[in-house]
Amino acid sequence: GGGSGAVLSGLRGCRTLQRVALAGNQMGDAGSKELAEAMRAWAELRVLDVSGNGLGGEGAEALTKALRGCCRVEVLALGGNKLMGGEGAMWLATALERLVDIRELDLTGNLMGEEGMRALGAPLQNCKSLQRLDLGGNAIGVGGAPELRGVLMACGKTLRRLGLRANHIGGGDGARQLARGLEECQSLTSLDLGSNGLGPWGAAGVVSALAEHASTLTELGLRHNALGRQGVHVWKTVLSHFTAITDLDLSYNELRGEGAGVVVEGLQQCKGLRRLDLERNLIGGREGVKLAGMLVPMAQLECLNLQGNMLREEGGARLDNGIWGCGGMRPVRVRKGTVAKDVIEQVKSTLPACRVMM
């Protein structure tokens, strides 16, 4: 807006600027043009964050042209703008050709689609120092999966954190392309694949590919991928390879008690696991008791999310929402009424130091 324009005018002569953070300032196209003008003097710029500013086609064009003169940029955040379709991505691609030292790139929520991923594929493959890449919420789809695979194969040796949530990759050829790319990601520590519709077999291929280098992965998100009971049975044998895992999100997957039990059994040797999210997986009360018993070897857990399941007692007493003391350490949080008392007691006795959400 107008305020950011005044600020930018005052910064035009600051030739030694290295970090500029202007996230959420609603600059729009007009403000981004003013930013682009100021950037002409910023030859030393290393970090630029203009996420959440509503940049459209004209703004993207002006900004990316200016970026071509800022060849030392290492961190670029453009998430939550309007680089929709191939046009905005094509302008960004011309800038990436110059940003050979870029380490972190955030393009979340730009809805660039398959066409945008195709435009970015080749220049991203030349970013040999890339350590963090977030492409969540861009509707890459099956059509953009081959380009994504190419990027992962080219940058896999340096990539540490990868965000791909909500990209409609699917469980067929899209999942296969993704798995092939992930095989080359030898140093990943964090991967978010939530809400991609991988299904049981697509997820099985992805997890098997990750198992090749599972010793580095600490965070894995597979939320809302329709895994079902069938899916986790397929990759049960590889779960024990994830020895470094600390955070696993399997919420909204219809695992039911049987599938959740398979997960817990496969993870019992993962002594570093701190957070396990099983929210909304259709786990029943009796299954919950059995599951709680299986958690005995996992006393290191700090947070277990069982909210939105069916841990209810047939006609049992209603528990008020609130906080229960758990072993005098962390609390058990009860957010849903009519939770089975035997499940509560079993979990409390099994994980006295864990924050359990039900």
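Add 616 to the 1-based position in the sequence shown for the numbering used here, that's all there is to it. A virtual CB, placed ideally from N, CA and C, is assigned to each residue, including glycine.
Determine the closest residue to residue 760 out of 705, 632 and 722, with distance taken between C-alpha atoms.
705
Counting only runs that start and end within the stretch 634–704, where is the alpha helix (DSSP H) found for 4 or more residues in a row?
644–655 and 673–683
Just to confirm the assignment, what range does the beta strand (DSSP E) spanning residue 919 have?
919–921
Is residue 643 near residue 653, with beta carbons less than 9 angstroms apart?
no
Would you list the residues sitting across from residue 777 in a DSSP beta bridge?
748 and 806
Tell me which same chain residues have a C-beta within less than 8 angstroms of the C-beta of residue 689, skipping the five on either side of it?
661, 662, 663, 664, 683, 715, 717 and 718
Residues that DSSP places opposite residue 900 in a beta bridge
926
Which residue wins for smallest C-alpha separation from residue 782, given the options 864, 733 and 756?
756
Classify residue 835 as helix, strand or coil using the three-state DSSP reduction.
strand
Opening and closing residue of the beta strand (DSSP E) in which residue 722 lies:
720–722
Measuring straight from C-alpha to C-alpha, what distance separates residue 629 and residue 712?
25 angstroms
Residue range of the beta strand (DSSP E) that includes residue 716
Neither: residue 716 is in no beta strand (DSSP E) and is coded neither H nor E.
Pick from 919, 894 and 860: whose alpha carbon is nearest that of residue 805?
860
Mapping the DSSP letters down to three states, classify residue 971 as helix, strand or coil.
strand
Proximity of residue 779 and residue 799 at Cβ, strictly below 9 angstroms
no
Alpha-carbon to alpha-carbon, residue 853 and residue 879:
10 angstroms
Backbone secondary structure at residue 864 - three-state DSSP:
strand
Counted within 10 angstroms of its Cβ, other Cβ atoms place residue 969 as buried (16 or more) or exposed
exposed
Give the single residue among 646, 797 and 883 whose Cα lies nearest to the Cα of residue 892.
883
Please identify the residue among 768, 851 and 869 whose C-alpha is closest to the C-alpha of residue 813.
869
Just grab the DSSP bridge partners of residue 889 for me.
DSSP, once it has assigned bridges, lists no residue as partnering residue 889.
Give me the Cβ distance between residue 765 and residue 734, rounded to the nearest whole Å; I'm assuming they're in contact under 8 angstroms.
Actually they are not in contact, since the Cβ atoms of residue 765 and residue 734 sit about 12 angstroms apart, beyond 8 angstroms.
Where residue 648 falls, given that 16 or more other Cβ within 10 Å makes a residue buried
buried
Measure the Cβ-Cβ separation of residue 677 and residue 707 and say whether it is below 9 angstroms.
yes
Between the beta-carbon of residue 693 and the beta-carbon of residue 720, is there less than 9 angstroms?
yes
What did DSSP end up calling residue 856 once you bin it into helix, strand or coil?
coil
Would you say residue 774 and residue 751 are within 9 angstroms of each other, going by their C-beta atoms?
no
Taking the alpha-carbon of residue 912 as reference, which of 835, 925, 967 and 898 has the nearest alpha-carbon?
967
Return the CA-CA distance between residue 659 and residue 863, expressed in angstroms with no decimal places.
40 angstroms
Decide if residue 631 is buried, meaning its Cβ has at least 16 other Cβ atoms within 10 Å, or exposed.
exposed
Own chain, CB closer than 6 angstroms to residue 810, minus 5 neighbours either side, in chain order
781, 837, 839 and 840
Three-state secondary structure assigned by DSSP to residue 951:
Low confidence applies here, because residue 951 scores a pLDDT of 39, under 50, leaving its location unreliable; read the following figure in that light. Note: residue 951 maps to coil in three-state DSSP.
In or out: residue 888 buried (at least 16 other Cβ within 10 Å) or exposed?
exposed
Within its chain, find whatever has a CB closer than 7 angstroms to the CB of residue 877; leave out the 5 residues flanking it on each side and keep chain order.
906, 907 and 910
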